[in-house]
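To keep things clear, I will list the structure first and then write my remarks on it.
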Amino acid sequence: MVQLAGLKHLRHGLAGGCRMKEWSNLNARSYTRHLRDAMEIPGRKLPGGTSMVANLSFNKKIVLFLTWLLPLLAGSLPCALHADEIVILFDQSGSIGKYDPKLGSKAWLITFLQTFNEPHRIVVAGFDEQVTEHIDIMTDSRPDMTELARAVDAISVTGKVTDIDAAFRYLLDRGKYESVKFALIVTDGEPEIWDGKLGYLSSAVRSDPRYADLNALYDQRVEKGWKPDRLFASLGKRFQDRNIELIQSSLPLLEVAFGGRIIVWDVSGQSKYLNDWAQMAKAQYLSIPISDNTDPVRRLREALEALQVKASEIFAEPLPEDHHVRVEKVLSAVLGGQVDRLDSTPPSPPTPKAPMIEPTPAPSQSPTPSIAAQVDASELLPVWQGASLIVAGISIVVVTLAWRSHRSRLRAPARETSAAAITGILAAHGFPDSTLEMALAKSAYLLGNILAGDAAGVSGDRTTFSLPVRQGEVDVHWTTLDGVAGMGSGIEISLFVIHFEADKLLTCRIDRIVFPRDDVVCRVKRADVVHQSGNRHIAVLREFENGADDWVLWFRQLARLEGMIQQSRHGDQ
Numbered sequence: 016m017v018q019l020a021g022l023k024h025l026r027h028g029l030a031g032g033c034r035m036k037e038w039s040n041l042n043a044r045s046y047t048r049h050l051r052d053a054m055e056i057p058g059r060k061l062p063g064g065t066s067m068v069a070n071l072s073f074n075k076k077i078v079l080f081l082t083w084l085l086p087l088l089a090g091s092l093p094c095a096l097h098a099d100e101i102v103i104l105f106d107q108s109g110s111i112g113k114y115d116p117k118l119g120s121k122a123w124l125i126t127f128l129q130t131f132n133e134p135h136r137i138v139v140a141g142f143d144e145q146v147t148e149h150i151d152i153m154t155d156s157r158p159d160m161t162e163l164a165r166a167v168d169a170i171s172v173t174g175k176v177t178d179i180d181a182a183f184r185y186l187l188d189r190g191k192y193e194s195v196k197f198a199l200i201v202t203d204g205e206p207e208i209w210d211g212k213l214g215y216l217s218s219a220v221r222s223d224p225r226y227a228d229l230n231a232l233y234d235q236r237v238e239k240g241w242k243p244d245r246l247f248a249s250l251g252k253r254f255q256d257r258n259i260e261l262i263q264s265s266l267p268l269l270e271v272a273f274g275g276r277i278i279v280w281d282v283s284g285q286s287k288y289l290n291d292w293a294q295m296a297k298a299q300y301l302s303i304p305i306s307d308n309t310d311p312v313r314r315l316r317e318a319l320e321a322l323q324v325k326a327s328e329i330f331a332e333p334l335p336e337d338h339h340v341r342v343e344k345v346l347s348a349v350l351g352g353q354v355d356r357l358d359s360t361p362p363s364p365p366t367p368k369a370p371m372i373e374p375t376p377a378p379s380q381s382p383t384p385s386i387a388a389q390v391d392a393s394e395l396l397p398v399w400q401g402a403s404l405i406v407a408g409i410s411i412v413v414v415t416l417a418w419r420s421h422r423s424r425l426r427a428p429a430r431e432t433s434a435a436a437i438t439g440i441l442a443a444h445g446f447p448d449s450t451l452e453m454a455l456a457k458s459a460y461l462l463g464n465i466l467a468g469d470a471a472g473v474s475g476d477r478t479t480f481s482l483p484v485r486q487g488e489v490d491v492h493w494t495t496l497d498g499v500a501g502m503g504s505g506i507e508i509s510l511f512v513i514h515f516e517a518d519k520l521l522t523c524r525i526d527r528i529v530f531p532r533d534d535v536v537c538r539v540k541r542a543d544v545v546h547q548s549g550n551r552h553i554a555v556l557r558e559f560e561n562g563a564d565d566w567v568l569w570f571r572q573l574a575r576l577e578g579m580i581q582q583s584r585h586g587d588q
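Numbers in the working numbering are just positions in the sequence shown, counted from 1, shifted up by 15.
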């Protein structure tokens, strides 16, 4: 059964030639679940506290891992050599001006293609109350510029609300953060999930369990016959505050996953939130308004040139000497509706500084396929190259796993605090399968592990993987800048983040986190503290005093708390 499940997806990847839309939309969570079903392996612990995966022999674990890995290798053969991704997310809620986020995204998309020579994958998506992917192309097969521009122009921008939380969660849910080298978020509006003038509350929010209590109040008042304006007056601010709170809780995770590879372009130039959020996520903030009354062509030129520089830094690809000229050509073509005049051939690489070997003549180019053709059928690598890649991948994985297994028997794990090291430490300590999956979830943000889709926290929020904490389960101890010691109770805990209460806004150093029930103390060496709202704060854990040993204690406590919640749920049932 395992072989059949693997071969089914292997055939899909090879025969389909890595159809970009189909394979990129393959749900990692469902695939892992299908694999488990085929192996008759439950996703959670057995009554004895272990799992069937934990009981498998080392060789069988390798087979299981390769069964999961092979379809991914096969499905991504045509794009395996060019994994770097650019994600462009633009606000597709209704705009009143010609120079809106969609135009800015279109101009940048074409500017990138006209500037950089290395092949990349580009995903263009719009967001209002949810995220919709519109374009997904590989730049090694040069797209037709006219058709590309038409595809962007055809995107509807009539959304009723602007939920920036949806854009952030989309990035956190992508699955392969290592491959996303550059993410651009373009918006001209403040976060708004309830349009009071239209009397429209986001349908996504209405079905979101994170708003369950507020939705219950909404339903009760609707049943009593409250009118839309009265509903908005009584609950609008509470929904808005919750939305902002959720956005802020995801910012530390965005920092860990992406860091400076996210750029937030505020095309209004006056958002009171975007700048602060960009700083909290360690993203780059670009405040260049392109509204009708701000000399939009000049400001759009400034934005495109700034994005050229930032992209060059992120991709470590030098800008061509005429990159300013290329921006001018794009602006003239995009604003004048003459994109067909732009060259669809790859841009020339930058002029080398030192003498180089004379290059061989490039082969003649074949006609450029349409965007639809690129989306539906990517070029397929020859069978022998695909087989070689799979064999090489298997060899590397087997040798690496065998070496790690042998090393773990010879000496204790090294005191490393990186996500990869923590993953190895957990495995070496014999964590049961469900616990290891939960622990891998945060590492998956950094390593692109497919188990991220199957390791959602019991709260149901994939973005934060958080566990609710009862009073007295976790205590956070800190010292203020004035040297005053204090303590607060933990509210929620996740893999690298803890939410806790404090009486006032804190500027402090986290000293230790204590689990009184087991008398466990994790001494914190470095953590960032962010005020969330009211008396609620967030500590993003960077480093423990005892390194790997404290990380093991930390994850064991997470496993214990998860087990308590699961037992409580089973008891309720």
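Each residue gets a CB set at the ideal place from its N, CA and C atoms; glycine is no exception.
Presumed contact (8 Å Cβ cut-off) between residue i and residue j, rounded CB distance
| i | j | result |
| --- | --- | --- |
| isoleucine 303 | glutamate 317 | 6 Å |
| alanine 198 | leucine 186 | 6 Å |
| glycine 487 | leucine 315 | No, glycine 487 and leucine 315 are not in contact; Cβ-Cβ is about 56 Å, not under 8 Å. |
| aspartate 203 | aspartate 115 | 6 Å |
Residue i: first and last residue of the uninterrupted alpha helix (DSSP H) it sits in
| i | result |
| --- | --- |
| glutamate 317 | 311–330 |
| glutamate 558 | That residue, glutamate 558, is in no alpha helix (DSSP H); its beta strand (DSSP E) goes 551–559. |
| glutamate 238 | 227–238 |
| tryptophan 241 | Per DSSP, tryptophan 241 belongs to no alpha helix (DSSP H) and is neither H nor E. |
| aspartate 99 | Where aspartate 99 is concerned, there is no enclosing alpha helix (DSSP H), given that its DSSP letter is neither H nor E. |
| tyrosine 185 | 179–187 |
| phenylalanine 127 | 116–130 |
| valine 282 | Where valine 282 is concerned, there is no enclosing alpha helix (DSSP H), given that its DSSP letter is neither H nor E. |
| glutamate 343 | 338–351 |
| arginine 221 | 218–221 |
| alanine 169 | Alanine 169 -> no alpha helix (DSSP H), and no H or E assigned at all. |
| glutamine 107 | It is not in any alpha helix (DSSP H) - glutamine 107 carries neither H nor E in the DSSP assignment. |
| glutamine 145 | No alpha helix (DSSP H) contains glutamine 145, which DSSP labels as neither H nor E. |
| glutamine 294 | 289–295 |
Check: residue i C-beta below 7 Å from any heavy atom of the ligand FAD
| i | result |
| --- | --- |
| isoleucine 125 | As presented, the structure is devoid of all ligands, the ligand FAD included, so that no description of it is given. |
Residue range of the unbroken beta strand (DSSP E) whose run includes residue i
| i | result |
| --- | --- |
| phenylalanine 142 | 136–142 |
| valine 536 | 535–548 |
| leucine 199 | 195–202 |
| threonine 495 | 490–495 |
| arginine 527 | 523–530 |
| glycine 505 | 500–508 |
| threonine 154 | Threonine 154 -> no beta strand (DSSP E), and no H or E assigned at all. |
| glutamine 299 | 299–302 |
| valine 512 | 512–516 |
Inter-residue Cα distance where the pair is residue i and residue j
| i | j | result |
| --- | --- | --- |
| tyrosine 288 | leucine 269 | 16 Å |
| phenylalanine 127 | lysine 121 | 10 Å |
| glutamine 107 | arginine 225 | 24 Å |
| isoleucine 329 | alanine 140 | 21 Å |
| aspartate 151 | arginine 136 | 7 Å |
| serine 283 | cysteine 523 | 35 Å |
| asparagine 132 | isoleucine 278 | 21 Å |
| isoleucine 101 | isoleucine 179 | 19 Å |
| arginine 551 | leucine 301 | 29 Å |
| aspartate 168 | leucine 124 | 13 Å |
| valine 567 | glutamate 516 | 25 Å |
| methionine 295 | leucine 266 | 6 Å |
| serine 171 | alanine 182 | 17 Å |
| glutamate 148 | valine 138 | 7 Å |
| proline 531 | valine 512 | 19 Å |
| leucine 104 | alanine 298 | 14 Å |
| arginine 571 | serine 583 | 18 Å |
| alanine 293 | aspartate 281 | 11 Å |
| valine 484 | proline 134 | 46 Å |
| serine 194 | tryptophan 241 | 49 Å |
| glutamine 323 | asparagine 230 | 44 Å |
| asparagine 42 | methionine 502 | The predicted model places asparagine 42 with a pLDDT of 37, which falls under 50 and marks its position as unreliable; any figure quoted below should be read in that light. Between asparagine 42 and methionine 502, the C-alpha separation is close to 42 Å. |
| glutamine 581 | valine 489 | 18 Å |
| alanine 377 | proline 333 | With a pLDDT of 45 at alanine 377, under the threshold of 50, the predicted position of this residue should be treated as unreliable, though the coordinate-derived value follows. Using only the alpha carbons, I get a separation of about 21 Å. |
| glutamine 285 | lysine 325 | 22 Å |
| valine 529 | valine 237 | 45 Å |
| alanine 95 | aspartate 155 | Residue placement at alanine 95 is flagged as unreliable, the pLDDT there being 39, under the threshold of 50; the coordinate-derived value follows with that caveat. For alanine 95 and aspartate 155, the distance between alpha carbons rounds to 12 Å. |
Residue-level contact to chain C via CB, residue i, 8 Å cutoff
| i | result |
| --- | --- |
| leucine 128 | Annotation note: the requested chain C is absent from the structure, which comprises a single protein chain. |
Between the region 296–311 and the region 329–340, do three or more beta carbon pairs fall short of 8 Å? They do not touch, by the three-pair rule.
Any contact of the region 488–495 with the region 236–255, i.e. 3+ C-beta pairs under 8 Å? No: the two stretches stay apart, fewer than three of their Cβ pairs being nearer than 8 Å.
How do the region 234–252 and the region 202–219 stand: do at least 3 beta-carbon pairs fall below 8 Å, yes or no? Contact between the region 234–252 and the region 202–219 is present: 3 or more CB-CB pairs across the two stretches fall below 8 Å.
Would you check if there are 3 or more beta carbon pairs closer than 8 Å linking the region 265–285 to the region 542–560? Between the region 265–285 and the region 542–560, the count of Cβ pairs shorter than 8 Å is three or higher; the stretches touch.
With three or more C-beta pairs closer than 8 Å as the rule, is the region 526–539 touching the region 549–565? When C-beta atoms of the region 549–565 are compared with those of the region 526–539, three or more pairs fall below 8 Å, so the two segments count as touching.
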